[in-house]
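Chemist: Residue numbers (my numbering), protein chains in the order written: chain Z, 1 to 506; chain B, 1001 to 1471; chain R, 2001 to 2122.
Submitted below is the structure of interest, expressed as C-alpha cells.
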C-alpha cells in the first residue's frame, strides 16, 4: 500500500474503530479488544507512513476544493509525523490503562467513553496530517467536540461546570479568534496551504503580522497560553485517562502543534525573525511559563498541580516557536514528544493512586511510596524527565530551546528556563520524597506497610511510558534528525540555508 | 404551453391543490394530494432554473394575465429567485413527507384535511413571495401564507393553540401592515411597485428620509413576521428573503442606506442571539436564533461586495437546511414526549441518539463549525467584512456565533448529560420516516459543508447577477 | 400662515398618522379581544388611505378614457387597496372566528381573565 493511501487508512481506522466499539458495546470484553486492536493497527499504519517519510518521501492526498481558496487535503511533514507517532503510540498505552482505570473505578457509560476516545484520536491524526489551515481547523474542532463528552463524563454538577468551561473556552477562542485569523490569512495570502518558508512573506507589515500572530496564539486555545489556559485546570474533573489524553496525547499537544505549524509553515521563521513580529510572544510565553509553575506550587490536588505544570510546559513549546530559530523550533518539536511521555506517566500514576487508594489530594499522599512503590518510582522518572535531568528525554528539549534562545539573542530566556526547572523540582519532587521517606499516617511504626498497587492494566502502561522517558534520552538523535528535515525556509532560499550550515528540507 | 406558463403554475398548482384537499375532506387522501403537489413543486422549480440558465439575460419574466410590467404584475425568475424556489419547494416536499405521523398525533382526524389545505396554501404563499416581482403582490402572498399559518397553529389540540393563533394574528397583521406601509412609501417616492423598476429609480431620489422610513417599516414588518412564527414553520421562511425585496434592498443600500441596514442586521444578530439564550421553550429559542441568522443574510446584502453578497445568499440556503433539521428534530421529540421546555429535555440524547445527533450537527452548523454548511456562510461573510477592512464587523459576526455556542451548548448539555426524567425514559423511538428525513437533512448539512458547488457556486453567480444589475 | 402651511399641505398624512397611531394604541391598550381587532382594522385602514390619497391628482378626472380629458387620477392604488381590503376582511374574519373559539374554550374574551385562569392552571 502506498504511503498516500496509508494516510487515509490512518484516519479511517480509528473512525471505523469508533463505529465498531459502539456496536460491540453490549459485550465489554469484545469492545475492549476492538479498542486495543484498533490502536495497534493505527500505530502500525502510522509507522508505515513514518518509514516513507524517513526515506525522504512526502506523502500527500489529492486536495479537494471546498470553495475558492479553501481545500481539504492531507500531507505529511516531519513535525506532523512526529506528532502522529506520539499520539498513536501513546494511545496504545492509554487504551490499556483506560481499561484498568474504568473497570477499577466502575465508571458508567464506558461504551460512549471509548467511542469518543477513538474519534478524538482520529481527529488528532487529522490535525497532524492536515495539509492546510482549513483541514487543520476542521479536525481541531472535531477534537474539541469529541473530547467534551469525555470531560463531562461523570455528569455531576462539577463535571458539567468543567465541561461547560472546556467547551466554551476552546470552541469560543477558536471561533472568535482562530477563524478570523484563518480567513485573514486566506485573503492576504490567497492560499491556506502549509508551505515551507511560510505564505505571508511580504504580504503584511510587522504590526499587522504581530496582530495576526496574536489572533492565532490566543485563538488556539488548546495551546493554553495564559490567559486562555483556564480550561485546562477546569477540565481536571474528567476521569484520569481523559486527563492523560488531554495533556499528553491529543488536546494540548494538538494546540502547541498547531502553533508550531502556523509559525513554521504560515509565517515562516525567517519572516518572524526579520520583522520581530513574534518578540512579544517570547515575553508572554516566558511569563506563562513561570507563572504557571508558581501556581502549580500552591495546588494541593495532584491533578490540578499537574495541570498547571502542563500549562507551564506548553509555554516552553510556544516559547520555542516565538524565538523562531531553527534550534528553538527543533526544541519545541522535541518538547512535544518529551513532555507527552513524561506527563502521561505522571497522570497514569495519579490515576493509579486514585484507583488504588481513592486519594486525590497531595497532603493525603504521605507514605504512598511504601504502599505503591512501582507507581511512585514511575512518578519519579516522569518528574525527572519533566524537570529536564539526564538521563531522561526532557533533557534534550530544554537543551535545544536554550541554544535557540541564545541564537535569537535572548540569553535571558536561558535563565528563565533554569528558574522554571527549579520550580519544577519544587512542585514535583516533594510528592515523591514524602511518598517514600515518611511513613503513612495509618501505619503502625516499625511494621512494614502492605503493598497495594493498582490493577495490572494500570501499572503496566505507566511502567512502559516511564521506560520510554529513558529510551527517548538515547533516541533523541532520531527525533532531532527527523525534525531537522522540516522545511523551515522556502526551498528557493537554499543558499542562505547552506551558509548557516543547517540541513536543508527534503 | 406548459413550459411557458411554469412561473404561474408554480403558484397556481398548490392553490388548486389546496382547494382540492379542502373538498375531499378525508385526511389520508388530502395528504396524498399534498404529497403529489409538493413533489411537483421542486420539479417545476428545477425546470425554471433550467430556463433561467438558458435565457440570455438570465431572467424569465412572466406577465400575469397578459398585463405587462411595470403596470401589471410580473413574475420574475432570475437566478436568485430560482434558488429560493428550489429551496422552498424541496424543503416543503421533505416536510410533507415527514409530516403525516406527526399530524396524526397532534390533530384530530376530521381536521387533518384542513391541515393539508392550509399547508398547501402556505406553500403557495411562500412560493409566491419568492417568485413575484411586485412589492404589493408580495404582500398578498405574505398574507396568504400568514393566514394559513394562523389556521395551522389553531388546529393544534390545546385550547392555548387558539389563543396563540390569535396573538400571532394580531402581531402578524401589524407586521404585514408595516410592510405595506413601507411599500406604500416606496410607491409614493418612486411611482412604481415593480421591484426591479423601483431598484432602477431609487438611485434618483434626492431626499433619503422617506426612503429610510420605508426600509425601516419593511424591515421591522418582516422581522415581526419572522420572529413570530416558531410553530409549524419548518418551512424555510421565505418572508425574510423574498428575492424581489432583496433586489430593492440591494438597490437602496448600494446608493445610500447601507450603513443603516448594516446596523439593523448587527442589532438583530446580537440582540436576538442574546434573547435566544434566555428562552425556556426550545421552539422559541430556535425562532429567535432565526432572527439572528437572518441578520447574517441582511448583513451580506449590506456589504454589497461579491464575497459578502455570496455569503448572504448562501446563508439563505444553509440557514434553511439547518433550521429545518433543528425543527424536525424537535418535532420528533415533541411527537414522542410532548415536551418543549429545554429543562424537561433532560437525558433525551440517550433516549433518541439519532434525533439529538441531528440536532447537534445542525446546532454546530449555527455556530459555524468547519465541516458544516454554517462554516461556508460564515467564511464568506467574515471574508467580505475583512475585504472592506471592517474589523469591528468581523468581530461582531464571531461574537454572535459565540452566543450561538451558549444556546446550542445549553440544549446539548441538558440532552446528553442529565439523567432522563420519567417522561423521557418512557418515550418510544420516533417513527422511521420522521427520523429518516431528519437524518437526511442532517447529512446534507455535512455533505454540503464540503461540496459547495450547488450552494456557494450558485450563490456566487447570483451575487454577480445582482451586482451587475446595480451598476 | 407659514406655521400652518405644512400642516395644511400634508393634511391627509396627518389624518393617516392619527388613525394609525390610535389603531395601534387600541391594539396595545385594550384587553377585550374584539376591541383589539377593531383597533387592528383601524390601523390597516389608515394604510389604505396612505395609498389612496396620493392617487388623487388635483384636477384629474376619474380614469375613464375620454378625449375631452387629459389628466386622470391614478387608478392603480384603488385596485391595490381593493385587494388589501379583501385581505383585511379575511384577516378580520379569521380573527373573529378565533375569538369565538377562545370564548368557547375559556368562557371569556378578556385577555386579563384568560391569563389569570391560565396562571391558576399551573
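Each residue gets a CB set at the ideal place from its N, CA and C atoms; glycine is no exception.
Could you tell me the alpha carbon to alpha carbon distance between residue 405 of chain Z and residue 198 of chain Z, rounded to whole angstroms?
Modeler: Position 405 of the first chain, counted from the first residue, corresponds to residue 405 of chain Z. Position 198 of the first chain, counted from the first residue, corresponds to residue 198 of chain Z. Whole-angstrom Cα-Cα distance: 21 Å.
Chemist: Is there a Cβ of chain B sitting closer than 7 Å to that of residue 2062 of chain R, yes or no?
Modeler: As a first step, residue 2062 of chain R is located in the third chain; it is residue number 62 there, counting from the start. Judged by the 7 Å Cβ criterion, residue 2062 of chain R is not in contact with chain B.
Chemist: Sort out for me which residues DSSP pairs residue 1132 of chain B with in a bridge.
Modeler: Indexing the second chain from 1 puts residue 1132 of chain B at position 132. Residue 1132 of chain B pairs with B/1075.
Chemist: Leaving out five residues before and five after residue 38 of chain Z in sequence, what residues of the same chain have Cβ atoms less than 7 Å from its Cβ?
Modeler: Here residue 38 of chain Z is taken as the residue at index 38 of the first chain, counted from 1. Closer than 7 Å at Cβ, skipping near neighbours: 13, 14, 17, 118.
Chemist: Over what stretch of residues does the alpha helix (DSSP H) that includes residue 379 of chain Z continue unbroken?
Modeler: For the purposes of this step, residue 379 of chain Z is taken as the residue at position 379 of the first chain. Here the alpha helix (DSSP H) through residue 379 of chain Z covers 373 to 387.
Chemist: Starting from residue 134 of chain Z, find everything on chain B with Cβ-Cβ shorter than 8 Å and list it in chain order.
Modeler: In the first chain, counting from the first residue as 1, residue 134 of chain Z sits at position 134. The answer, in chain order, is 1370.
Chemist: Could you have a look at residue 55 of chain Z and say whether DSSP puts it in helix, strand or coil?
Modeler: To locate residue 55 of chain Z, count along the first chain from 1; it is residue 55. Reduced to three states, the DSSP call for residue 55 of chain Z is coil.
Chemist: Which of the three DSSP states is assigned to residue 1255 of chain B in this structure?
Modeler: Position 255 of the second chain, counted from the start, is the residue given in the question as residue 1255 of chain B. The predicted position of residue 1255 of chain B is uncertain, since its pLDDT is 48 and thus under 50; a value taken from the coordinates is nonetheless stated next. If DSSP states are grouped into helix, strand and coil, residue 1255 of chain B belongs with the helices.
Chemist: Between residue 2041 of chain R and residue 1138 of chain B, what straight-line distance do the alpha-carbon atoms span, to the nearest angstrom?
Modeler: In the third chain, counting from the first residue as 1, residue 2041 of chain R sits at position 41. In the second chain, counting from the first residue as 1, residue 1138 of chain B sits at position 138. Looking at the two C-alpha atoms, the distance is approximately 20 Å.
Chemist: Taking a Cβ distance cut-off of 9 Å, strictly less, list which residues of the segment 1349 to 1381 of chain B are near chain D, in chain order.
Modeler: In the displayed structure, chain D is absent; the protein chains listed are Z, B and R.
Chemist: So if I threshold CB-CB distances at 7 Å, which residues from the segment 2021 to 2045 of chain R count as touching chain B?
Modeler: Those residues of the segment 2021 to 2045 of chain R that come within reach of chain B (Cβ to Cβ, closer than 7 Å) are 2027, 2033, 2036, 2040, 2043, 2044.
Chemist: Taking the alpha-carbon of residue 1341 of chain B as reference, which of B/1358, B/1424, B/1265 has the nearest alpha-carbon?
Modeler: Here the question's residue 1341 of chain B lines up with position 341 in the second chain. Among B/1358, B/1424, B/1265, the Cα nearest to that of residue 1341 of chain B belongs to B/1424.
Chemist: Which of helix, strand or coil does DSSP assign to residue 1342 of chain B?
Modeler: Here residue 1342 of chain B refers to the residue found at position 342 when the second chain is read from its first residue. Helix, per DSSP.
Chemist: Check whether the Cβ atoms of residue 344 of chain Z and residue 258 of chain Z lie closer than 7 Å to each other.
Modeler: As a working note, residue 344 of chain Z is residue 344 in the first chain. As a working note, residue 258 of chain Z is residue 258 in the first chain. No, they are not a contact pair.
Chemist: Taking beta-carbon pairs under 7 Å, can you tell me which members of the segment 1156 to 1167 of chain B lie near chain R?
Modeler: Answer set for the segment 1156 to 1167 of chain B: 1159, 1162, 1163, 1165, 1166.
Chemist: Which residues of the segment 141 to 152 of chain Z have a Cβ closer than 8 Å to any Cβ of chain B? Give them in chain order.
Modeler: Those residues of the segment 141 to 152 of chain Z that come within reach of chain B (Cβ to Cβ, closer than 8 Å) are 141, 142, 145, 149, 152.
Chemist: How big is the Cα-Cα spacing for residue 518 of chain Z and residue 1418 of chain B?
Modeler: With chain Z covering 1 to 506 only, the question about residue 518 of chain Z has no answer from this structure.
Chemist: What does the Cβ neighbour count give for residue 1071 of chain B, buried or exposed, with the cut at 16 atoms within 10 Å?
Modeler: Position 71 of the second chain, counted from the first residue, corresponds to residue 1071 of chain B. With fewer than 16 Cβ atoms within 10 Å of its Cβ, residue 1071 of chain B is classed as exposed.
Chemist: Could you give the distance in angstroms between the alpha-carbon of residue 421 of chain Z and the alpha-carbon of residue 435 of chain Z?
Modeler: As a position in the first chain, residue 421 of chain Z is number 421, starting the count at 1. As a position in the first chain, residue 435 of chain Z is number 435, starting the count at 1. Their Cα atoms are separated by approximately 21 Å.
Chemist: Report the rounded CA-to-CA distance for residue 1242 of chain B versus residue 1142 of chain B, giving the unit in angstroms.
Modeler: Translated into positions along the second chain, residue 1242 of chain B becomes position 242. Translated into positions along the second chain, residue 1142 of chain B becomes position 142. Interpretation of residue 1242 of chain B is limited by its pLDDT of 49, a score under 50 that renders its predicted location unreliable; the figure taken from the coordinates is listed afterwards. C-alpha separation (whole angstroms): 10 Å.
Chemist: Alpha carbon to alpha carbon, what distance is there between residue 101 of chain Z and residue 358 of chain Z?
Modeler: Residue 358 of chain Z sits at position 358 when you count from the first residue of the first chain. Residue 101 of chain Z sits at position 101 when you count from the first residue of the first chain. Roughly 12 Å between the two C-alpha positions.
Chemist: Is the number of C-beta pairs between the segment 1084 to 1100 of chain B and the segment 1044 to 1052 of chain B that are closer than 8 Å three or more?
Modeler: At 8 Å Cβ cutoff, the stretches touch.
Chemist: One question on the structure: do residue 333 of chain Z and residue 79 of chain Z come within less than 7 Å of each other, judged by their Cβ atoms?
Modeler: Here residue 333 of chain Z corresponds to residue number 333 of the first chain, with the count starting at 1. Here residue 79 of chain Z corresponds to residue number 79 of the first chain, with the count starting at 1. Yes, they are a contact pair.
Chemist: Write down the C-beta distance between residue 1359 of chain B and residue 1329 of chain B rounded to the nearest angstrom, noting that I regard them as a contact closer than 8 Å.
Modeler: In the second chain, counting from the first residue as 1, residue 1359 of chain B sits at position 359. In the second chain, counting from the first residue as 1, residue 1329 of chain B sits at position 329. Contact holds; Cβ gap of about 4 Å.
Chemist: Taking 8 Å as the threshold, find out whether the segment 459 to 473 of chain Z comes into contact with the segment 348 to 357 of chain Z through three or more Cβ pairs.
Modeler: Flag = yes, the segment 459 to 473 of chain Z and the segment 348 to 357 of chain Z touch.
Chemist: Once DSSP output is grouped into helix, strand and coil, what is the label at residue 1316 of chain B?
Modeler: Translated into the one-based positions of the second chain, residue 1316 of chain B becomes position 316. Residue 1316 of chain B falls in the helix class under three-state DSSP.
Chemist: At a Cβ threshold of 7 Å, is residue 1273 of chain B touching chain Z?
Modeler: Against the second chain, residue 1273 of chain B aligns to sequence position 273. Judged by the 7 Å Cβ criterion, residue 1273 of chain B is not in contact with chain Z.
Chemist: For residue 1177 of chain B, go through chain R and note every residue whose CB falls closer than 7 Å to its CB, in chain order.
Modeler: Looking up residue 1177 of chain B in the second chain gives position 177. Those within 7 Å of residue 1177 of chain B in chain R are 2043, 2044, 2047.
Chemist: If we count Cβ pairs, one from each stretch, closer than 8 Å, do we get three or more for the segment 470 to 490 of chain Z versus the segment 324 to 339 of chain Z?
Modeler: With a cut-off of 8 Å, the segment 324 to 339 of chain Z and the segment 470 to 490 of chain Z count as touching, because enough Cβ pairs lie within range.
Chemist: Alpha carbon to alpha carbon, what distance is there between residue 120 of chain Z and residue 147 of chain Z?
Modeler: Numbered from 1 along the first chain, position 147 holds the residue referred to as residue 147 of chain Z. Numbered from 1 along the first chain, position 120 holds the residue referred to as residue 120 of chain Z. In a straight line, the C-alpha of residue 147 of chain Z is about 6 Å away from that of residue 120 of chain Z.
Chemist: Grab the span of the alpha helix (DSSP H) containing residue 510 of chain Z for me, first residue to last.
Modeler: An answer regarding residue 510 of chain Z cannot be provided, because it is not within the stretch 1 to 506 covered by chain Z.
Chemist: Starting from residue 65 of chain Z, trace the beta strand (DSSP E) both ways and give me its first and last residue.
Modeler: As a first step, residue 65 of chain Z must be located in the first chain, where it is residue number 65. Element bounds for residue 65 of chain Z: 64 to 67.
Chemist: Which value, in whole angstroms, describes the spacing of the CA atoms of residue 2083 of chain R and residue 1345 of chain B?
Modeler: Translated into the one-based positions of the third chain, residue 2083 of chain R becomes position 83. Translated into the one-based positions of the second chain, residue 1345 of chain B becomes position 345. In a straight line, the C-alpha of residue 2083 of chain R is about 46 Å away from that of residue 1345 of chain B.
Chemist: Taking the Cβ atom as the reference point for each residue, do residue 213 of chain Z and residue 277 of chain Z lie within a distance shorter than 7 Å?
Modeler: Here the question's residue 213 of chain Z lines up with position 213 in the first chain. Here the question's residue 277 of chain Z lines up with position 277 in the first chain. Their beta carbons are under 7 Å apart, which means residue 213 of chain Z touches residue 277 of chain Z by this criterion.
Chemist: Buried or exposed for residue 185 of chain Z, going by 16 or more other Cβ atoms inside 10 Å?
Modeler: Working through the first chain from its first residue, we reach residue 185 of chain Z at position 185. Flag for residue 185 of chain Z reads buried.
Chemist: Hey, how far is the Cα of residue 1352 of chain B from the Cα of residue 28 of chain Z?
Modeler: Numbered from 1 along the second chain, position 352 holds the residue referred to as residue 1352 of chain B. Numbered from 1 along the first chain, position 28 holds the residue referred to as residue 28 of chain Z. Approximately 22 Å, taken between the alpha carbons.
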